Structure formats: C-alpha cells, structure tokens
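Heads up: the structure comes next, in structure tokens.
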Amino acid sequence: MKQRFILLLLGMFALATPTNCAASACVTEVSDEAPIEIKLFHHSTLTESAPEIVAEFKRVGFIAVEGVPGFGDAYQQFLATARIFADLSKEEQAVCTGATYAARGWSRGVEVFNGKTDTYKGSYYAVVPNDSSNVWPDESLPQLRNAYQNVATIVLEAGKQILPLVGFTHENVKGLGRMLHYKSVAGGEDDGNANWCGDHRDHGVFTCLCPEAFYRDGEVVSRPANSGLYIEGRPVGIPLEDAISRNVVFFQMGEVIELMTKGDVRATNHLVKKATDGSELFALAVFVDPIDEVIINFGGSSAEIIDKYKDRLTEEEIVSGIVTFDAWNARSLAKYNPKELAPPTV
Ligand SMILES: [Fe+2]
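Shown next, in the form of structure tokens:
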C-alpha cells in the first residue's frame with residue numbers, strides 16, 4: 035500500500051509539462067479587490083487537461099471545474115435543507131453533535147486559528163458515503179442525510195476523477211464532508227476576529243469545495259464586498275446562480291500533498307472574511323484523505339518545508355522523513371480544536 039501510494043504520487047511529475055491550454059480564465063464576481071486567477075476546466079475534458087491541471091496545482095493549488103454532472107440541482111437541494119438546519123433550535127442542533135465533533139456531526143465556535151476562535155463558524159461533519167459513525171437529525175430534519183450525502187457524493191466522485199490525473203489513486207482515499215454555516219454578524223457585534231474562518235491550509239490531501247452561497251433576510255444575495263473566500267490573500271468566487279446552472283465545483287490541494295511532493299505542489303492558504311452587512315454564508319467542503327495507515331513520505335524536503343510543518347512532526351519523524359496519516363491527522367485536529375475534550379458549544 036505504502037509503496038503504491040508513493041509511486042503513484044511520483045507519477046505526477048511525468049505529467050507536469052503544460053501543453054495547450056484547454057481551460058478558460060478565472061471565475062470570479064468580486065470587484066472590491068483584484069481576484070486571484072483561477073483556471074476553469076470542463077468536467078468532460080479532465081483527462082486531456084491533466085498537464086495543465088497539474089501545472090495549476092503547482093502554481094496556486096486550486097482549480098475550478100464546470101459541468102460536474104448533477105451538481106447544481108443537488109447543491110440547491112442541499113442549501114435549502116442546510117438553511118432549515120441553521121434555523122433549528124440550539125437544543126435540536128445539539129442532538130447532532132458527535133462525540134468527536136471535529137470529525138462528526140454539528141458544532142459551532144470551536145476552532146481556533148492563530149489564537150482567534152472562529153466564533154460564528156458552524157460545521158456539520160459526515161463521512162461520505164454515509165456510514166454508522168455519522169450523526170443525523172433524524173427527528174427534526176430527516177431529509178438532511180440524503181440532501182447532504184447526494185451532493186457530497188457528486189463532488190467526491192468528481193474529485194476522485196481528478197486525483198489520478200495528479201498521481202493519486204482513489205482506492206487509497208476516503209471522503210469527509212463538512213457543511214459550513216457562517217452565521218450573520220449583528221450590527222455592533224465584535225468578537226475581535228475579522229474572519230469567519232481564520233487563515234489556514236487544509237491538512238489532508240485534497241478538498242472538493244462547493245461555491246459560496248450568501249443570504250440576507252432570507253434571500254440569495256451577491257457576495258458582499260471584502261468578504262467570503264480568499265486564497266493566497268486574494269478573493270475567489272463565482273455567483274451562486276452560475277455555480278448552479280454551470281455545475282461549477284472548486285478543488286484545492288492540502289498539506290499532505292505539499293509534504294509528499296517536498297513542496298513542489300502548493301497547499302493553498304485560505305481564509306473566509308466576515309460579511310459586515312448582515313449576510314450569512316453556506317458552503318460544503320468534502321475532504322479527500324488517505325486511509326489512516328498510509329505513510330506520508332516527506333524525506334528529502336527542504337529546511338523551509340520542515341520548518342513549515344515541524345509543529346506537527348516529532349524529531350524522530352523529521353529524521354526518518356515519514357509520518358502516518360493517522361498521526362498527522364490527529365495532531366492537525368488537535369492544533370485547531372483545542373476545545374475538543376471540553377463540552378461542546380452550540
Ligand atoms: Fe480550509
């Protein structure tokens with residue numbers, strides 16, 4: 035398993051020379067700041083676009099794909115259901131908080147980035163496809179399970195088509211969904227954190243990310259100025275109606291890939307800035323991670339890469355150049371979830 039995983043990853047470099055561009059320019063709607071250029075690929079031509087996709091993951095660690103079959107309808111259904119969940123009472127939501135709420139079920143205001151708590155950020159984790167470890171609101175909102183699993187499965191399947199193009203095989207990965215609800219900030223409220231979600235990199239292999247859905251006073255609204263997703267310090271997004279009608283999904287690289295490629299592929303720094311106009315924001319991410327026993331081989335990495343990740347590596351692992359995903363995952367969750375062992379806040 036270990037050898038195959040690493041060899042397949044190394045196969046990525048054989049694809050790394052860009053050929054003629056099959057992608058169109060960036061997709062973004064924001065005008066308040068210069069957006070970052072993100073390449074848009076079509077789902078039907080992913081295989082022939084592989085060299086350019088790899089080049090984009092090396093350049094910025096992030097791509098957009100349109101034409102993902104069935105995405106728009108499933109995402110609309112999911113968003114409608116997620117909004118109902120967000121309006122449930124705290125008691126009804128608390129029923130859905132898992133024993134390990136950094137990995138299953140509902141929580142809000144538990145993650146800490148750079149010393150600041152993401153007070154307004156709500157998360158609902160679930161394994162994809164569904165299994166018995168997931169927690170669902172079967173009493174208060176039984177339709178959430180299917181709405182969530184349907185769209186999460188669609189984006190996970192698209193992600194599994196992209197991973198082999200960049201050298202991974204889907205036989206060694208699993209999906210973990212995360213419904214995101216960034217609660218509106220009432221006028222005058224200030225928790226000392228300008229972000230809904232602080233600056234970070236995803237710590238797994240790969241993230242399938244559904245475009246942002248902003249609402250204000252119950253209606254879909256355009257992305258408010260100076261808010262929403264930023265990658266590498268610059269805004270990125272697409273109007274929700276376009277994301278739905280064109281079936282657009284984003285994909286971004288995580289820290290495991292950066293470690294395994296010794297920094298050749300970028301794990302994307304990103305954050306979500308708060309809207310200050312009373313808007314709330316919904317989204318869904320599906321993390322694609324290796325199975326626990328997979329070995330991350332980062333041997334031969336530069337001092338810069340080691341320094342970047344030494345907060346979650348032991349001295350012994352730094353010397354040997356290997357760490358299991360299980361250990362890496364546990365330390366990463368602990369880093370961002372210091373309240374994990376305390377009673378959850380709902
Ligand atoms: Fe993230």
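In terms of this note's numbering, the sequence shown has 44 at position 10, counting the first letter as 1, and numbering is strictly consecutive. Yeah, the Cβ is synthetic: ideal placement off N, Cα and C, and Gly gets one too. All figures in this text were calculated on a predicted structure; none of them were measured in a lab.
Paired residues, beta bridge with residue i - DSSP
| i | result |
| --- | --- |
| Ile329 | Thr358 |
| Gln286 | Phe96 and Thr241 |
| Lys155 | Tyr216 |
| Lys342 | BP columns for Lys342 are empty, so no partner. |
| Pro269 | Tyr264 |
| Ala247 | Phe316 |
| Gly211 | Ala160 and Val320 |
| Val146 | Thr151 |
| Thr131 | Gly139 |
| Glu86 | Answer is none; Glu86 lacks a bridge partner. |
| Glu253 | Arg250 |
Endpoints, beta strand (DSSP E) assigned at residue i
| i | result |
| --- | --- |
| Glu314 | Glu314 to Pro324 |
| Leu178 | Careful: Leu178 lies outside any beta strand (DSSP E), inside the alpha helix (DSSP H) at Leu178 to Ile196. |
| Arg142 | Gly139 to Arg142 |
| Gly232 | Asn229 to His234 |
| Leu74 | Leu74 to His76 |
Rounded Cβ spacing between residue i and residue j (contact assumed at less than 8 Å)
| i | j | result |
| --- | --- | --- |
| Tyr109 | Ile278 | 6 Å |
| Glu330 | Phe359 | Sequence inspection shows Ile at residue 330; the Glu mentioned does not correspond to that position. Rounded, the Cβ-Cβ distance is 6 Å, consistent with contact. |
| Asp323 | Gly221 | In fact, because the Cβ distance is near 39 Å, the residues do not count as touching under 8 Å. |
| Thr241 | Gln286 | 5 Å |
| Tyr264 | Leu305 | 5 Å |
| Ala337 | His215 | Not quite, the Cβ-Cβ distance comes to about 40 Å (not below 8 Å), so this is no contact. |
| Lys217 | Tyr154 | 4 Å |
Endpoints, the alpha helix (DSSP H) within which residue i is located
| i | result |
| --- | --- |
| Ala259 | Ala259 -> no alpha helix (DSSP H), and no H or E assigned at all. |
| Lys307 | Element bounds for Lys307: not the alpha helix (DSSP H) but the beta strand (DSSP E), His304 to Lys307. |
| Asp165 | It is not in any alpha helix (DSSP H) - Asp165 carries neither H nor E in the DSSP assignment. |
| Asp381 | The requested residue 381 is not part of the displayed model; the chain covers only 35 to 380. |
| Ile118 | Phe105 to Asp121 |
| Ala277 | Leu274 to Ser279 |
Residue i, buried or exposed, once every other Cβ within 10 Å from all chains shown has been counted against 16
| i | result |
| --- | --- |
| Leu84 | The sequence given here has Ala at residue 84, not Leu. Buried, since its Cβ has 16 or more Cβ neighbours within 10 Å. |
| Glu289 | buried |
| Asn363 | buried |
| Lys124 | exposed |
| Asp345 | exposed |
| Glu292 | buried |
| Asn246 | Position check: residue 246 holds Glu in this sequence, whereas Asn was assumed. Buried: at least 16 other Cβ atoms inside 10 Å. |
| Ala59 | Because Ala59 sits at a pLDDT of 38, beneath the cut-off of 50, its placement in the model cannot be relied upon, and the following sentence gives the value as read from the coordinates. Flag for Ala59 reads exposed. |
Near ligand 3: residue i beta-carbon under 7 Å from a heavy atom
| i | result |
| --- | --- |
| Asp152 | Ligands present in the displayed structure are limited to ligand 1, and ligand 3 is not among them. |
*Just jot down, in chain order, the residues whose CB lies closer than 6 Å to any heavy atom of ligand 1.*
His234, Asp236 and His304
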